[in-house]
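A.B. asks:
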Amino acid sequence: MKFFFHPSPNPMKVALLLEELQTPYELIGVDTFKGEQHLPAFLAINPNAKVPALVDGDATVFDSQAILLYLAQKHQRFLPTTVAGQAELLSWLMFIATGLSPFSGQAVHFLHHAPEDLAYAKNRYLKEVERHYRVLDQRLAEHQYLAGDTYSIADMALWGWANYAPYILGENGLAAYPNVKRLFDEISARPAAQRAHGLKEQLVLKAEFDEETRRNLFPQNQAS
C-alpha cells in the first residue's frame, strides 16, 4: 500500500486512520510547495493533482473522504454497525467533506494567501467556518462522537481540519466550541494521532511560502 502524503489537513485525516488501523504502508511525500502534485507520474494516480492518494494493489483511490471510506470498509473498522449509525456517519462525513473542509480551505486562502485584501471574502469564509463549527459543537454536546457512541472516520475527518483551527480562527482556536475541543483533545491524545503528526519528520519538504509555492498551489490564478 502506497500513501501519497503532505502534512496538510486532508492527508492528515487519512494518516490518522492508517495509524489507527496499524496496517503496513509506504509513505511517499508529495512536496506540493515544489509542485510535485503536477508531475505526470502523480497525475496518473490523481488527475486532480491533490493529496492524499492511495494505491492499494490494483485499487487506486483519491480524495480524503473516499480513502477514509475505502479503508474503513475494507477493514470493517471505525464504522457504526447499525443502519441508523451508518446513516449518521455518512451525513456527518459528507457535512465535513462539502462544508467544513472547503470553507476552511477558502478561509485559509483569503485570510493568508490572497494577493489582495478582500474584506468580503475574508468575512464570508470565516463566518461559514464558524457556523460549521457551531453545528458540530451542538452535535457533540448531545453525543460523544459524530456518529453517536462510536469513534469513527467522521471524527477523524473533523480532526484533520481541527488541527488547523487556530490558523483560521485565531489564537483562541477551538475555545468557542468546547465540545469540538473535547473531541479534538481526546483524539489528539491517542497514540495513532501522535504517530500521524510524526510522519512529517520522515520527509524533507519545502517550508517557505514564496512565489514558487504560490504558483504551484494556485496555478489557475497564474494562468488567468
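Residue numbering for the sequence shown follows our numbering, beginning at 559 and increasing consecutively.
Virtual Cβ for every residue (Gly too), placed ideally from N, Cα, C.
On the three-pair Cβ rule with 8 Å, is the stretch 643-661 touching the stretch 705-725?
C.D. replies: yes
A.B. asks: Anyone know if the C-beta pair for F636 and L763 falls short of 8 Å?
C.D. replies: Contact flag unset, no.
A.B. asks: Ignore the nearest five residues each way along the sequence and tell me which others in P567's own chain have a CB closer than 6 Å to its CB.
C.D. replies: G718, W719, Y722
A.B. asks: Check I586 in the structure and name its three-state DSSP category.
C.D. replies: strand
A.B. asks: How many Å lie between I603 and E584 at the Cα?
C.D. replies: 15 Å
A.B. asks: On the criterion of 16 or more Cβ atoms from any shown chain inside 10 Å, does D616 qualify as buried, or is it exposed?
C.D. replies: exposed
A.B. asks: Just verifying my parser: in three-state terms, what is the DSSP assignment at T618?
C.D. replies: strand
A.B. asks: Starting from the C-beta of M559, find all residues in its chain whose C-beta is less than 6 Å away, skip the five residues before and the five after it, and write them out in chain order.
C.D. replies: Y583, D614
A.B. asks: Measuring straight from C-alpha to C-alpha, what distance separates T581 and Y678?
C.D. replies: 45 Å
A.B. asks: One question on the structure: do A665 and V693 come within less than 8 Å of each other, judged by their Cβ atoms?
C.D. replies: no
A.B. asks: Ordered along the chain, which non-local residues of its own chain (more than five positions away) have a Cβ less than 6 Å from that of Q696?
C.D. replies: none
A.B. asks: Pick helix, strand or coil for A751, following the three-state DSSP scheme.
C.D. replies: Reduced to three states, the DSSP call for A751 is helix.
A.B. asks: Is it the case that the CB of V641 approaches a heavy atom of the ligand SAH more closely than 7 Å?
C.D. replies: Judged by which ligands are present, the structure shown has none, so any question about the ligand SAH falls away.
A.B. asks: Less than 8 Å between CB atoms is the rule here; does P638 satisfy it with respect to chain D?
C.D. replies: Protein chains in the displayed structure number just one, and chain D is not present.
A.B. asks: Since V588 and V609 should fall inside the 8 Å C-beta cutoff, what is the C-beta to C-beta distance between them, to a whole number of angstroms?
C.D. replies: 5 Å
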